[in-house]
Amino acid sequence: MKRTIPLVITSAVGFVLIIAFFIPLIEKWGEIAMIWFDILAAIAFILGGGNLLRVHLKKVSDRVRGWAYSVITIVAFLGMLFIGLTKYGATPAPQQEFYGETFASLSIADFPQEYTIDGSIPERAGRKQLPASVRRQLTERDGKLVFKGWMSTNETSGDQKKDLLEYQEKLAWQATIEQLHDLAQPPKELRGKVHYHADRQMLSFKGHMTDEQRDTLLALYANSEPWKKAVAELYERAKPETSVEVDKDSIPAGFTAERAKDKISKHISFDEKTLGIVGPMSSKERSDLKRQFPVAMPMAPAAQANLRNELTKSVALTSKQTEFFDAYFKTQWNTANLATALNDAGKAQMVDKTARELLAEREEMEESDGTRFDPELKKKVGEDQALNDAQLTLLQAFVDAGDGSMVRIDETVESLRSAGPLSDAQAGAFRAFLAKNPTVGERQKDLCILLLQNGPLSDAQRNLLLGNYRNQRNWESTVEKLFDAAHQVKYQWSGDYRGQGTAFWWMYEYAFKPLTATMFAMLAFYVASAAFRAFRAKNIEAILLLGTAFVILLGRTFAGAVLTDWLPTTGPLSMLRVENLTLLTMMVFNTAGNRAIMIGIALGIVSTSLKVLLGIDRSYLGSGEE
Amino acid sequence: MERATIISLLLVWAAPAALLAQEPLPPTELAVVDHGWDNGASIDLAWKLSASDAKDAKLKYKIFTSGEKNGRFKELAMSEPTDEMYEAGKFGVSIEVEPGVEYVIRVKAVRELQVGGKPVFIASDYVESEPLRGRMQGFDGERFSALLWTLLLCGAVVFWIVHAKNIALAVGDNVEKLRQLLKIRTIPGLEAVDEAVGRATEMGRSVLFIPGIQDMNDIQTIAGLTILDRVATTAAEFDAKVEVPTSRALVMTTARETVQAAFLAAGRPDAYNEDLIYYVTDEQFGYVAYLSGMMVREEPAACFYMGSFFAESLILAETGNSIGAIQVAGTAQPAQLPFFVAACDYTLIGEEFFAASAYLSGDPEHLGSLKGQDVGKLMVGVFVIVGCTVATIAVVSGLPVVNAMLQLIKDFLL
Chain R
132 MKRTIPLVIT
142 SAVGFVLIIA
152 FFIPLIEKWG
162 EIAMIWFDIL
172 AAIAFILGGG
182 NLLRVHLKKV
192 SDRVRGWAYS
202 VITIVAFLGM
212 LFIGLTKYGA
222 TPAPQQEFYG
232 ETFASLSIAD
242 FPQEYTIDGS
252 IPERAGRKQL
262 PASVRRQLTE
272 RDGKLVFKGW
282 MSTNETSGDQ
292 KKDLLEYQEK
302 LAWQATIEQL
312 HDLAQPPKEL
322 RGKVHYHADR
332 QMLSFKGHMT
342 DEQRDTLLAL
352 YANSEPWKKA
362 VAELYERAKP
372 ETSVEVDKDS
382 IPAGFTAERA
392 KDKISKHISF
402 DEKTLGIVGP
412 MSSKERSDLK
422 RQFPVAMPMA
432 PAAQANLRNE
442 LTKSVALTSK
452 QTEFFDAYFK
462 TQWNTANLAT
472 ALNDAGKAQM
482 VDKTARELLA
492 EREEMEESDG
502 TRFDPELKKK
512 VGEDQALNDA
522 QLTLLQAFVD
532 AGDGSMVRID
542 ETVESLRSAG
552 PLSDAQAGAF
562 RAFLAKNPTV
572 GERQKDLCIL
582 LLQNGPLSDA
592 QRNLLLGNYR
602 NQRNWESTVE
612 KLFDAAHQVK
622 YQWSGDYRGQ
632 GTAFWWMYEY
642 AFKPLTATMF
652 AMLAFYVASA
662 AFRAFRAKNI
672 EAILLLGTAF
682 VILLGRTFAG
692 AVLTDWLPTT
702 GPLSMLRVEN
712 LTLLTMMVFN
722 TAGNRAIMIG
732 IALGIVSTSL
742 KVLLGIDRSY
752 LGSGEE
Chain Z
143 MERATIISLL
153 LVWAAPAALL
163 AQEPLPPTEL
173 AVVDHGWDNG
183 ASIDLAWKLS
193 ASDAKDAKLK
203 YKIFTSGEKN
213 GRFKELAMSE
223 PTDEMYEAGK
233 FGVSIEVEPG
243 VEYVIRVKAV
253 RELQVGGKPV
263 FIASDYVESE
273 PLRGRMQGFD
283 GERFSALLWT
293 LLLCGAVVFW
303 IVHAKNIALA
313 VGDNVEKLRQ
323 LLKIRTIPGL
333 EAVDEAVGRA
343 TEMGRSVLFI
353 PGIQDMNDIQ
363 TIAGLTILDR
373 VATTAAEFDA
383 KVEVPTSRAL
393 VMTTARETVQ
403 AAFLAAGRPD
413 AYNEDLIYYV
423 TDEQFGYVAY
433 LSGMMVREEP
443 AACFYMGSFF
453 AESLILAETG
463 NSIGAIQVAG
473 TAQPAQLPFF
483 VAACDYTLIG
493 EEFFAASAYL
503 SGDPEHLGSL
513 KGQDVGKLMV
523 GVFVIVGCTV
533 ATIAVVSGLP
543 VVNAMLQLIK
553 DFLL
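These protein sequences, in sequence, are chains R and Z. Residue numbers are given in my numbering: position 115 of the first sequence equals residue 246, and the series is strictly consecutive. Residue numbers are given in my numbering: position 46 of the second sequence equals residue 188, and the series is strictly consecutive.
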């Protein structure tokens, strides 16, 4: 029995794997069998670890030869196990897919509201279940669809609406889902601020929660205790103020507390020494805070000359550097590029028609006794809106002034709005166009690198070119620190044990990797000694082997090509060139030999596998006998 | 007069352009069927080319799918007919679908124009199919040749196992006679097993057996352990010590079972020491470091490397060589074979490694399987020769019949 059961399992799994290869219907069985092996192998790790400890402790106890190595093994094993399991030195992982949000637990069962709509879940061939993202929320009851919680359309928290729309590509179903989606949403005043993540069973809130927002949320479901508890938790978690120290020299010109509150977030605080925020910081707030340095505007020839003069005050540039300096400023953006970007953004958007719209069109077609239905799937939203002359003049003035500071950019947006119609998309395109271009500091840094690639620069020249960029980097680093500090972590042990800077990572990088690399590197010496022995010309076969090896070795070096360079590259004699001989040997003789071995191996595997599966070969189980 | 000439000239110029911008006629006779003998993930489409299409017109065809008739149709693909399709007047293509889900297909002929350097498509009216589902069949037709080969090879092995058992009934317990009748050749590497274990016994040193670095799901590890069975039996008979450090915990437990049973079969259960079969580490070079150190310290008289090896093969074999151990290796990793051949006394190359258990046991079932393997080799050899001949004739003569034969071989035998 001890050997029969493993044998039966082996045979059954083996035959399932073979049959699953040919029959699509049971393809999954093979995958399941492989998963079971992995689970078994994972459990075997415990077995291996226990055995390792036992063997080495016994060696230490018996003081056998080399017992000190066993001590090292035991210490290293236990040390790594402790460090890995306790995640020593690993900082908790942030909720990085939800930057700027705070979380509180709220199970689906505790979510106080259900949304119902007429409809039913369609049957799908292949017995496919509902999408995993909505399986726990969407049910069918008394001929109605019931959805518990809010339906998300957020990329990061899973697009439940999209999943449901794709579940069945029929207009009636999709129209129902669109209706359900519109229904299962938070109140209007809190849309975009509060979310429900059904897969994590968490309620989340974006940014800082004010008292009014808390009261609105509490009033939503005042009778639900779990809801009130979750809102109270969110309120508490979104309240703490975080701040970091600021390097005075790195503060962007024109950046003030008022400006931060007005243009970025009213929860940001700033004085000459510290930068702070109440609640978590969103990714947009982070990039807005970082982007406070003036954008590099197209530089006029006079300004270019001034910069060059300043640069060459003490040490002159080489002629090559001067050439590259001039070339660098030849490819600058201009007003026309900026105007094109704004006009493009002002064009009417083509968006997909909703299922409800298409359904209405189809019904209309059917009412008019039509049979062919091939509607446009997109519709135009808004009107084309191009910049007027006054706005173009303002743009030109903005570019000519050469001031790319944030204050000036904001002022220009306001001026453009007052000079004519300017949509939010156009205002966004204006800022995005400028954000795409380097800041003054980045441009000077790029110039510095370019000049260094083409000649030397003195310390003074480097400082002149890199000063602004250095300040910018310091400021960005401060913002990043604040962003990290203000962010809510997942839970205390959520950090990656292999994350950079953890004790495990240190051991892996600075002990394990060098040691294994050393072992691998020794292979080079072993190859040399083995080759020396194998290539001794003792008989005809060995001489052939030596000759072939010599040709291959020569063919892989430059010397080989040089030695037979005098031979023609075409015609029959070209075959005698060493690189061609090498190629011939590898492609023909080596491949032929290898394939013969491979065919033999394949047949051997078939035969051995069959013997194992039929129970003829049982020696791996201990014996051929029961 | 002059004005009239200009107008007529303009008309002559404008006429082809207007024709070109005209909406093409739609394709017709759209046939949509489930792709046979598959897992239901594809359906076959065929339609008659648009009447506006010709080799010089070069229309393209857009395929759209929806879950219902008169639904929202999404563009799936756009392709153009090949020369063969123009000759046949029909377009045929397979598309990927989700098995079991209902699809309605629409096809439109489109004419591509360049306006301001950008492509603009003028589409015809559509032709629409009836709803269809991709159905999963009981057998994957693309794997027919694999099934054929499996049946042929396994059939040959099973036939010879049965046949060898019949021969064994005639010759009784005479294994040598059975080997002679079945024409089983001698494998020096396996003959050396007894020699190596005997040498270790004489020198009073241990025998080291390394079953490779792969887990029990690798057939090479299983083949290695069948050889361990023989090594352990011989060691038990000679009263030699067999040490088996493993790099996988499951291999360790299996090797323990193998060695214990071998000692039991040899009548020496008391000599079995479980502690000599132990787990070292899963890490490739950690395992090598341990083995190299152990070999240098303990200097085993015989080393067996039987299983799946990678970069560690030469490090182990050279270390073993440096301590003067008699070494026998066996692996089915072609890249490692030269290293073992260079550094070991005997090497079981590929199929010899898998033949070992059969050769060593001498059982008619096992020896029969070797013969079955030979039949497989014969079949492969015949097909290699036929294939090479047909391919050569096809290239030299260019005869369509030979090319068709070559294609047949490629489609059904490879």
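All C-beta atoms in this analysis are idealised placements derived from N, C-alpha and C, irrespective of residue type, glycine included.
Interface residues of chain R around residue i at Cβ under 8 Å?
{"i": "Z/Pro476", "result": "Asn725, Ile728, Met729 and Ile732"}
{"i": "Z/Asp357", "result": "Ala172"}
Going along chain R in order, which residues have a C-beta closer than 9 Å to the C-beta of residue i?
{"i": "Z/Asp186", "result": "Result: empty, since nearest Cβ-Cβ is about 17 Å, beyond 9 Å."}
{"i": "Z/Asp282", "result": "Phe152, Phe153, Ile154, Pro155 and Glu158"}
According to the neighbour-count rule (16 or more other Cβ atoms, all chains shown, within 10 Å of its Cβ), is residue i buried or exposed?
{"i": "Z/Pro442", "result": "buried"}
{"i": "R/Asn437", "result": "exposed"}
{"i": "R/Gly289", "result": "buried"}
{"i": "R/Met650", "result": "buried"}
{"i": "R/Met165", "result": "exposed"}
{"i": "Z/Ala391", "result": "buried"}
{"i": "R/Leu759", "result": "A question about residue 759 of chain R goes unanswered here, because the residues of chain R that appear run from 132 up to 757."}
{"i": "R/Tyr230", "result": "buried"}
{"i": "R/Phe278", "result": "buried"}
{"i": "Z/Ala251", "result": "buried"}
If the cut is a Cβ gap below 8 Å, which residues of chain Z does residue i touch?
{"i": "R/Tyr761", "result": "Given that chain R is displayed from residue 132 to residue 757, the structure contains no residue 761 of chain R and the question cannot be resolved."}
{"i": "R/Asn182", "result": "Ala391, Met394, Tyr420 and Tyr421"}
To the nearest whole angstrom, what separates the beta carbons of residue i and residue j, a pair I think is in contact under 8 Å?
{"i": "R/Val512", "j": "R/Gln480", "result": "5 Å"}
{"i": "Z/Ala408", "j": "Z/Thr368", "result": "Z/Ala408 to Z/Thr368, Cβ: 16 Å. No contact."}
{"i": "R/Ser264", "j": "Z/Ser499", "result": "Not confirmed; about 52 Å, so no contact."}
{"i": "Z/Ser184", "j": "Z/Leu167", "result": "No, Z/Ser184 and Z/Leu167 are not in contact; Cβ-Cβ is about 28 Å, not under 8 Å."}
{"i": "Z/Leu456", "j": "R/Ala661", "result": "6 Å"}
{"i": "R/Ile683", "j": "R/Thr716", "result": "6 Å"}
{"i": "R/Trp622", "j": "R/Ala221", "result": "One detail in the question is off: residue 622 of chain R reads as Tyr in this sequence, not Trp. With 8 Å as the limit, R/Tyr622 and R/Ala221 do not qualify as a contact, their Cβ atoms being about 12 Å apart."}
{"i": "R/Met428", "j": "R/Asp534", "result": "7 Å"}
Which chain Z residues are close to residue i, counting only those with a beta carbon under 9 Å from its beta carbon?
{"i": "R/Pro625", "result": "Here residue 625 of chain R turns out to be Ser, not Pro, going by the sequence shown. Within chain Z, no residue comes near R/Ser625; the closest Cβ sits about 26 Å away, beyond 9 Å."}
{"i": "R/Asp241", "result": "The contacting residues do not exist; R/Asp241 stays about 35 Å from chain Z at best."}
{"i": "R/Leu508", "result": "Arg214, Phe215 and Lys216"}
If the cut is a Cβ gap below 7 Å, which residues of chain Z does residue i touch?
{"i": "R/Lys301", "result": "Gly209, Glu210 and Gly213"}
{"i": "R/Val658", "result": "Leu456"}
{"i": "R/Arg664", "result": "Ala484"}
For residue i, which residues in chain R fall below 7 Å Cβ to Cβ?
{"i": "Z/Lys493", "result": "For clarity, residue 493 of chain Z is Glu in the given sequence; the question names Lys instead. Those are Gly731, Ile732, Leu734 and Gly735, listed as they occur along chain R."}
{"i": "Z/Thr368", "result": "Asp748, Ser750 and Tyr751"}
{"i": "Z/Tyr268", "result": "Asp505"}
What residues of chain C sit near residue i, judged by a beta carbon separation below 7 Å?
{"i": "Z/Phe496", "result": "Absent from the structure is chain C; the protein chains it does hold are R and Z."}
Got a sec: does the ligand FMN put a non-hydrogen atom nearer than 7 Å to the Cβ of residue i?
{"i": "R/Phe635", "result": "As presented, the structure is devoid of all ligands, the ligand FMN included, so that no description of it is given."}
Check your understanding: Taking only runs of the alpha helix (DSSP H) that begin and end inside the region 235–315 of chain R, which ones reach a length of at least 4 residues, in chain order?
Key -> 291–298 and 302–314
Check your understanding: Quick check: the region 485–496 of chain Z against the region 293–310 of chain Z, are there 3 or more CB pairs under 8 Å?
Key -> no
**Study point:** Segment contact flag, the region 276–295 of chain Z with the region 461–475 of chain Z, C-beta cutoff 8 Å, min 3 pairs
**Key:** no
**Study point:** Contact the region 355–373 of chain Z vs the region 306–322 of chain Z: 3+ CB pairs below 8 Å
**Key:** no
**Study point:** Every unbroken beta strand (DSSP E) within the region 573–633 of chain R, with a cutoff of 3 residues, ordered by chain
**Key:** none
Check your understanding: Is there contact between the region 221–230 of chain Z and the region 261–269 of chain Z, where contact requires at least three CB pairs shorter than 8 Å?
Key -> no
Exercise for review: For the region 205–217 of chain Z and the region 237–247 of chain Z, state whether three or more C-beta atom pairs, one from each stretch, are separated by less than 8 Å.
Suggested key: yes
Check your understanding: Would the region 202–215 of chain R and the region 627–635 of chain R be scored as touching if the rule is three or more Cβ pairs under 8 Å?
Key -> yes
Exercise for review: Taking only runs that begin and end inside the region 160–232 of chain R, name each unbroken alpha helix (DSSP H) of 4 or more residues, in chain order.
Suggested key: 198–217
Check your understanding: Is there contact here, the region 183–196 of chain R with the region 570–583 of chain R, by at least three beta-carbon pairs under 8 Å?
Key -> no
Practice item. Enumerate, from N- to C-terminal direction, the unbroken alpha helix (DSSP H) stretches of 4 or more residues contained entirely within the region 448–510 of chain Z. Key: 454–464, 479–485 and 493–503
Point to revise | beta strand (DSSP E) runs contained entirely in the region 370–402 of chain R, provided each spans 3 or more residues | key: 372–376 and 399–401
Point to revise | Contained beta strand (DSSP E) runs [length at least 3] in the region 327–377 of chain R, N- to C-terminal order | key: 333–337 and 372–376
Check your understanding: With a cut-off of 8 Å, do at least 3 Cβ pairs link the region 529–543 of chain Z to the region 323–332 of chain Z?
Key -> no
Check your understanding: Whole alpha helix (DSSP H) runs in the region 463–521 of chain R with 4 or more residues, listed along the chain?
Key -> 466–476 and 486–498
Exercise for review: Evaluate contact between the region 399–407 of chain R and the region 423–431 of chain R, counting only Cβ atoms and requiring at least three cross-stretch pairs below 8 Å.
Suggested key: no
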